[in-house]
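Residue numbers (the working numbering), protein chains in the order written: chain A, 1 to 288; chain B, 1 to 288.
Below: the structure, in structure tokens.
2 protein chains.
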Amino acid sequence: MEKVTIKQLAKKLNLSASTISRALQDSHQISRETKQKVLELAAELNFVPNYHASGLRKKVSRTIAVVIPEVADSFFAQAINGIEAVAQEQGFHVLIYLTHESFLKEQAILKEFQNGRVDGVLLSITAETAHSQHIRELLTRGIPLVMFDRVCEETAVTKITTNDFASSYAATKHLIACHCKRIALLSASNSLAMSTNRLQGYKKALQEQGFSFQPADVIACSKDEADNYSLIKALLAPPRRPDGIIATVEKQATLVYQVCQELHLPIPREVPVDGFSNLQPEPFHSPP
Amino acid sequence: MEKVTIKQLAKKLNLSASTISRALQDSHQISRETKQKVLELAAELNFVPNYHASGLRKKVSRTIAVVIPEVADSFFAQAINGIEAVAQEQGFHVLIYLTHESFLKEQAILKEFQNGRVDGVLLSITAETAHSQHIRELLTRGIPLVMFDRVCEETAVTKITTNDFASSYAATKHLIACHCKRIALLSASNSLAMSTNRLQGYKKALQEQGFSFQPADVIACSKDEADNYSLIKALLAPPRRPDGIIATVEKQATLVYQVCQELHLPIPREVPVDGFSNLQPEPFHSPP
DNA sequence: TTGAAAGCGCTAACAG
DNA sequence: CTGTTAGCGCTTTCAA
């Protein structure tokens, strides 16, 4: 029992390939009877239409790509869950690509998307991503792209983010309300819009509550865990120890605990400001 | 600047399409010069070979599918990370499918894989999955399939698992060595090979150490968190409270804590026996 | 309502 | 080394 094709169905039913094709697509111009017969035979012979053939012809793939830095932290895992669920509902397939924070990989991956493999892209950019030529090129080629979580301001595409400004603003105000006197901000990376927005929210809240912004209270964490560890250790050193901390990333919160334990310090009041903890994945829009 | 095809390159260089095709594939039967020219023009015109066309011709997709129940718990997230990394290295693409523990979905998803979209499948079966007709059918069609983590004994395919028997055996012995007198096993589901193997390991260790196996000490947890909660609560009720627990799934360990807190009980000595905590993803083998 | 024919873009014999 | 030819399997005009 070799691979069954439309042609074979056609021969067995004394019909033309085009009729079979139409019947399978439930075309309005095929008689009930014929459809019936075709569907039956197809089921019997276990016919599965070739994906590449129809893709080549129709120029669609019913596939979207999700390009993210990593799936390690629970945020992206959740995101995948949500995305896949919606995609499956809509009959779409989901390709996963990890950039591991490498801009070059991001470029290479997006470049390949010009080949018809995907109909659309969900992108959460690299921390390294500074310009967006590669993104604009995809768009030029007519491939819709939506940025989520980590977006890049300069490009004119749909962006899905939590309101970074608002969340760090709220977090800061919350800590102040809890009588914190010195609030530090653990920030992720400087180039991302997310980071700057959060920084702004933090500043705004401080200012409104009559605190002065201290650049030394903002720690720019990097990819290197060891570095971050040192930075946090320095931050928590007694002389100017903060009594409140806003952590921008899950991992950093953990580091704070570690450092405190090691230094036998009381754990400061901490507020994590997470990516998308309450992400409601947007429904996809199939291409029109 | 419309989509560039091989034909266009051919015309511009006064060569045939086949020559271009060969040059792009770095065929041994094309002159240095020609290759050079072709590559240059291709780069200049930003040529990207059509995926469906070559897929249709060559009957490959350079794509593998990963079919898992959920990506929620960190295990599968890690798995995806590893799989994608290896795939990317080998120039493969990764499709993700979630079954949400539904056997019907699993079936439907595998069925579609007969259409040429994927070259291979990594499957971690549903808790519901009882028979393996759908799996065997895929294999018949020449699509390699590897089961991981949650495997199904009856099928003759490569399986990647931690040694379930050994790990629960070791865990049980460990608890006995810690002077535990009554050791409970929180088991996941009865039909999975993983569960039965773990149960065997547990029994073996008990027996070897002169303990008698008590069916009541094995709790078969279900999908329903609330149910599990009740079961664990009953288990931990004073009369025959275990002083050691082997938890088969991450989630269950958490439940135990919750129940103990609520009941103001001391937390029993607990040993989690996790899926693949130390999974070293196997390198893929591209099809020969 | 159905069929014939052409072609999506690429690759692989088979020649030369 | 390069060109010619013939499809991969399906969809879609255009005719009948």
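We treat Cβ as the ideally placed atom computed from N, Cα and C, and that holds for glycine.
Would you be able to state if there are at least three C-beta pairs under 8 angstroms between the stretch 95-109 of chain A and the stretch 125-133 of chain A? yes
So, under 8 angstroms CB-CB, SER168 (chain B) and GLY210 (chain B) are touching, yes? Tell me the CB distance rounded to an integer number of Å. Incorrect: roughly 18 angstroms between the Cβ atoms, too far for contact.
Could you tell me the distance, in whole angstroms, from the CA atom of TYR229 (chain A) to the CA atom of LEU185 (chain A)? Whole-angstrom Cα-Cα distance: 15 angstroms.
Does any CB atom of chain B fall closer than 8 angstroms to the CB of TYR229 (chain A)? Judged by the 8 angstroms Cβ criterion, TYR229 (chain A) is not in contact with chain B.
Roughly how many angstroms lie between the CA atoms of ARG141 (chain A) and ALA65 (chain A), to the nearest whole one? 15 angstroms
The ligand MN and GLU89 (chain B): does the residue's C-beta get closer than 7 angstroms to at least one heavy atom of that ligand? Absence of the ligand MN from the depicted structure is noted, as is the absence of any ligand whatsoever, leaving it without description.
Residues, ordered as in the chain, of the stretch 43-65 of chain B that lie near chain A by beta-carbon distance below 7 angstroms: Listed in sequence order: VAL48, PRO49, ASN50, TYR51, HIS52, ALA53, GLY55, LEU56.
Where does SER31 (chain A) land, buried or exposed, given buried means 16+ other C-beta within 10 angstroms? exposed
Say whether chain A places a C-beta atom closer than 8 angstroms to the C-beta of ALA85 (chain B). Closer than 8 angstroms: yes.
Kindly say whether ILE80 (chain B), judged by its beta-carbon, lies nearer than 8 angstroms to any beta-carbon of chain A. yes
Determine, for GLY120 (chain A), whether the minimum Cβ-Cβ distance to residues of chain B falls below 8 angstroms. no
Just the Cα atoms here: how many angstroms apart are GLU153 (chain B) and LEU13 (chain B)? The alpha-carbon of GLU153 (chain B) is positioned some 58 angstroms away from that of LEU13 (chain B).
For the alpha helix (DSSP H) holding ILE68 (chain A), just list the boundary residues, first then last. Not the alpha helix (DSSP H): ILE68 (chain A) falls in the beta strand (DSSP E), residues 63-68.
Measure from the C-beta of LEU95 (chain A) to each C-beta in chain B and report whether the shortest distance is under 8 angstroms. yes
Mapping the DSSP letters down to three states, classify PHE103 (chain B) as helix, strand or coil. helix
Going by DSSP in three states, GLY82 (chain B) sits in which element: helix, strand or coil? helix
Mapping DSSP to helix, strand and coil, what is PRO92 (chain B)? Correcting the residue type first, residue 92 (chain B) is Phe in the shown sequence and not Pro. DSSP places PHE92 (chain B) in coil when its eight states are reduced to three.
Whole angstroms is fine: what's the gap from LEU206 (chain A)'s alpha carbon to ILE219 (chain A)'s? Each residue's alpha carbon lies about 16 angstroms from the other.
If you measure between the beta carbons of ALA171 (chain A) and ILE246 (chain A), is that distance less than 8 angstroms? yes
Runs of alpha helix (DSSP H) wholly within the stretch 5-77 of chain B (minimum 4 residues, chain order): 6-13, 17-24, 32-45, 51-58
Would you call the stretch 16-28 of chain B and the stretch 84-99 of chain A touching, i.e. three or more CB-CB distances under 8 angstroms? No: the two stretches stay apart, fewer than three of their Cβ pairs being nearer than 8 angstroms.
At which residues does the alpha helix (DSSP H) containing LEU235 (chain B) begin and terminate? 225-235
Shorter than 8 angstroms from the beta carbon of GLU33 (chain B) to some beta carbon of chain A? By this cut-off, GLU33 (chain B) is not an interface position.
Proximity winner among A:GLY82, A:ALA108, A:ILE109, A:LYS111, relative to THR99 (chain B) (alpha-carbon distances): A:GLY82
Counting only C-beta atoms, is GLN114 (chain A) closer than 8 angstroms to chain B at any point? yes
Please decide whether GLU262 (chain A) counts as near chain B, where near means a Cβ-Cβ distance under 8 angstroms. no
So what does SER289 (chain B) bridge to, in DSSP terms? Nothing about residue 289 (chain B) can be reported from this structure: the residues present for chain B run from 1 to 288 only.
Contiguous alpha helix (DSSP H) assignments of at least 4 residues, all confined to the stretch 184-218 of chain A: Qualifying alpha helix (DSSP H) stretches, in chain order: 193-208.
For LEU98 (chain A), return the contacting residues in chain B, with the cut-off set at a CB-CB distance below 8 angstroms. Simply ASN81, GLU84, ALA85, GLN88.
Report back the beta-carbon spacing between ASN115 (chain A) and PRO49 (chain B) to the nearest angstrom; my notes put them in contact at under 8 angstroms. 6 angstroms
Going by DSSP in three states, LYS173 (chain A) sits in which element: helix, strand or coil? helix
Need the endpoints of the beta strand (DSSP E) that THR158 (chain B) sits in, please. 158-160
Is there at least one Cβ from chain A nearer than 8 angstroms to ARG117 (chain B)'s Cβ? By this cut-off, ARG117 (chain B) is an interface position.
So which of A:VAL121, A:GLU137, A:ILE176 has the shortest CA-CA distance to LYS159 (chain A)? Nearest Cα to LYS159 (chain A) within the set A:VAL121, A:GLU137, A:ILE176: A:VAL121.
Sequence-distant residues of the same chain with beta carbon closer than 7 angstroms to ILE6 (chain A), five excluded per side: ALA17, ILE20, SER21
Between the CA atoms of LYS223 (chain A) and HIS52 (chain B) - distance to the nearest angstrom: 38 angstroms
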